[in-house]
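Note that the numbering used here has the sequence shown beginning at 232, numbered continuously upward.
The beta-carbon is built from N, C-alpha and C at its ideal position, and this holds for glycine as well.
A quick note: this is a predicted structure, and the numbers were derived from the prediction, not measured.
To start, the structure itself, in structure tokens.
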Amino acid sequence: TPSPREREASPQSTRGKAKIAIDRSHAGMRLGDNDSSLRSSRGWMNTYNDEFGLTLYSNLSGLPRGGKSLTVAYFGGRLLMVLMTYRESEFGQWQGGVDATDKKYGPGNSDGHSTSSWTDDQTYLEIKKDSPGNVQAKILDLSLRREWIQRSGRDLPKF
232 TPSPREREAS PQSTRGKAKI AIDRSHAGMR LGDNDSSLRS SRGWMNTYND EFGLTLYSNL
292 SGLPRGGKSL TVAYFGGRLL MVLMTYRESE FGQWQGGVDA TDKKYGPGNS DGHSTSSWTD
352 DQTYLEIKKD SPGNVQAKIL DLSLRREWIQ RSGRDLPKF
């Protein structure tokens with residue numbers, strides 16, 4: 232059985248193919264935007280840098296309702312990924328979030344118990360049941376991901 236990441240990358244699979252463009256904004260940020268506004272805002276901590284231009288920042292304050300943490304990844308100064316961790320009770324329970332997203336984008340590519348994902352070939356969206364009581368929502372710019380893979384020769388670290 233292919234992993235969720237392999238299924239996401241497989242062009243043969245129609246499951247998880249969004250019927251409309253996936254929203255590229257989350258928590259007030261838009262994929263592809265530059266990092267100048269982040270660098271001038273407070274509460275962000277640089278948590279990772281690599282030699283290929285990938286930089287991670289984390290924020291634990293000033294988050295949207297129900298948010299526990301927010302991690303963003305920039306590549307070449309452009310927003311590559313937004314990863315938000317929510318309290319599951321505030322998120323509306325994991326399955327409720329999956330059902331609402333299925334309704335909006337079409338059936339997700341699901342492992343059946345903890346992860347569902349959608350893609351529109353530009354953006355990857357994933358909802359994942361995290362540690363007990365937490366849900367993660369992740370959006371990823373696929374063109375920036377491909378650029379990073381070309382530069383680094385490997386896939387992104389797991390977030």
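Within the continuous beta strand (DSSP E) that includes residue i, where are the two ends?
i	result
Ile370	Asn365 to Asp372
Arg246	From DSSP, Arg246 is part of no beta strand (DSSP E); its letter is neither H nor E.
Leu311	Arg309 to Arg318
Ser345	Segment: none, Ser345 is in no beta strand (DSSP E) and carries neither H nor E.
Lys360	Thr354 to Lys360
Identify which residue in the options has its Cα closest to the Cα of residue i.
i	options	result
Pro363	Asp264, Ser345 and Glu357	Ser345
Gly293	Asp333, Leu301 and Arg318	Leu301
Phe283	Tyr305, Leu269, Pro295 and Asp372	Tyr305
Ser374	Ile251, Asp333 and Leu262	Leu262
Pro338	Gln324, Glu357 and Gly259	Glu357
His257	Asp281, Val303 and Ile380	Val303
Lys359	Gln353, Lys389 and Trp379	Lys389
If I measure Cβ to Cβ from residue i and keep anything under 7 Å in the same chain, skipping five residues before and after, which residues do I get?
i	result
Asn265	Gly308 and Arg309
Pro242	With a pLDDT of 44 at Pro242, under the threshold of 50, the modelled position of that residue is not reliable, and no figure is offered here.
Ser278	The sequence as given places Thr at residue 278; Ser does not occur at that position. Same-chain partners within the cutoff: Leu287, Tyr288 and Ser289.
Tyr336	Ala249, Lys250, Ile251, Ile253 and Trp349
If you draw a straight line from the C-alpha of residue i to the C-alpha of residue j, how long is it?
i	j	result
Glu321	Asp361	14 Å
Asp351	Gly274	32 Å
Gln367	Gly327	13 Å
Asn340	Trp349	6 Å
Asp342	Pro295	28 Å
Ser383	Met260	25 Å
Gln324	Gly297	12 Å
Arg255	Met276	23 Å
Asp333	Ser268	32 Å
Gln353	Arg377	11 Å
Taking Cβ positions only, does residue i come closer than 8 Å to chain B?
i	result
Gln367	Note that chain B does not occur in the displayed structure, where there is just one protein chain.
Residue i lies in the alpha helix (DSSP H); which residues open and close that run?
i	result
Lys335	Trp325 to Tyr336
Given residue i, which residues of its chain have a CB within under 6 Å of its CB, disregarding the five upstream and five downstream residues?
i	result
Thr232	Confidence in Thr232 is poor, its pLDDT being 41 and thus under 50, which makes the residue's placement unreliable; the coordinate value appears in the next sentence. None.
Asn280	Thr286
Met312	Ala304 and Leu371
Lys369	Leu314 and Glu357
Arg385	none
Thr245	none
In chain order, what residues of the same chain have a beta carbon less than 8 Å from the beta carbon of residue i, not counting five sequence neighbours either side?
i	result
Lys299	Leu291, Thr316, Tyr317, Arg318 and Asn365
Q) Considering only residues of the segment 248-305, which uninterrupted alpha helix (DSSP H) runs meet the minimum length of 4 residues and lie entirely inside it, listed in chain order? A) 267-271
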